[in-house]
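Quick note: the sequence shown, position 39, residue 128 per our numbering, numbers continuous. C-beta: ideal position from N, C-alpha, C; glycine also. Bear in mind that the values here come from a model prediction, so they are computed numbers and not experimental data.
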Amino acid sequence: MQLDHYTSKFKKNTFPLVVVTNHVMRPANVGSIFRVADAFGVEKLILGGSAIELNRKVWNTSRATEKVVDFEQTENTEEVIGILKQQGYTIICLEITKNSECISALQLKSSQKTVLVVGSERHGIDDAVLKYADHVYHIPMYGQNSSMNVAQATSIALYEITKSMLHV
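The following block contains the structure:
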């Protein structure tokens, strides 16, 4: 029998973890990122880039998690990440670069304040934002395509990050 919200065995937990999107604009992706941010106990979601209207398309995929996930919108992603870095957050960018490491190499302490930056559907993370990264990780892929959907990639990264934080 499938368990529901009230009968599941999962304990609510919030991690010292902020997700920052860099020009993620598609409503379905934004809604999915809200949903996965809630699922993985993200402390805050920051939507970077042009303002995003939280409309029916967002709500359809978020399943009302935009009501429980602490979030803000900012046009200046670079500035916000700079401030978070000054506040002692470790900045992790999820991007395939010449020097990126496989995300399975990620190791964090449970109390380590962490920012996960994910990039736009077409262009990834801006170079100006990548400069703030303490670490750049990629998800290994074995098919023909060189990228995956940003919401799916965010899910995989949050799984690896929270797993690392819990198993220290």
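Query                                                                                                                                                                       : Result
For the 8 Å Cβ check, are there 3 or more pairs between the region 107-125 and the region 225-240?                                                                          : yes
Who are the near neighbours of D215 in its chain, counting only those whose CB is closer than 8 Å to its CB and skipping five residues on each side?                        : N111, H112, T166, E167 and G208
What are the uninterrupted segments assigned as alpha helix (DSSP H) that are 4 or more residues long and contained completely in the region 175-231, given in chain order? : 216-219
Please check the pair G137 and V107, which I expect to be a contact at CB under 8 Å, by giving their CB distance rounded to whole angstroms.                                : Not really, about 11 Å apart at Cβ, beyond 8 Å.
Are L197 and F160 close, meaning C-beta to C-beta below 8 Å?                                                                                                                : no
How is the alpha helix (DSSP H) around F129 delimited, first residue to last?                                                                                               : Neither: F129 is in no alpha helix (DSSP H) and is coded neither H nor E.
Please report how far the alpha carbon of A140 lies from the alpha carbon of T163, in whole angstroms.                                                                      : 7 Å
Using a Cβ-Cβ cutoff of less than 6 Å, which residues in the same chain neighbour F123 once the five nearest sequence positions on both sides are dropped?                  : S151, T154, E155 and V158
Nearest to K202 by alpha carbon, out of S236, K174, S235 and V125?                                                                                                          : K174
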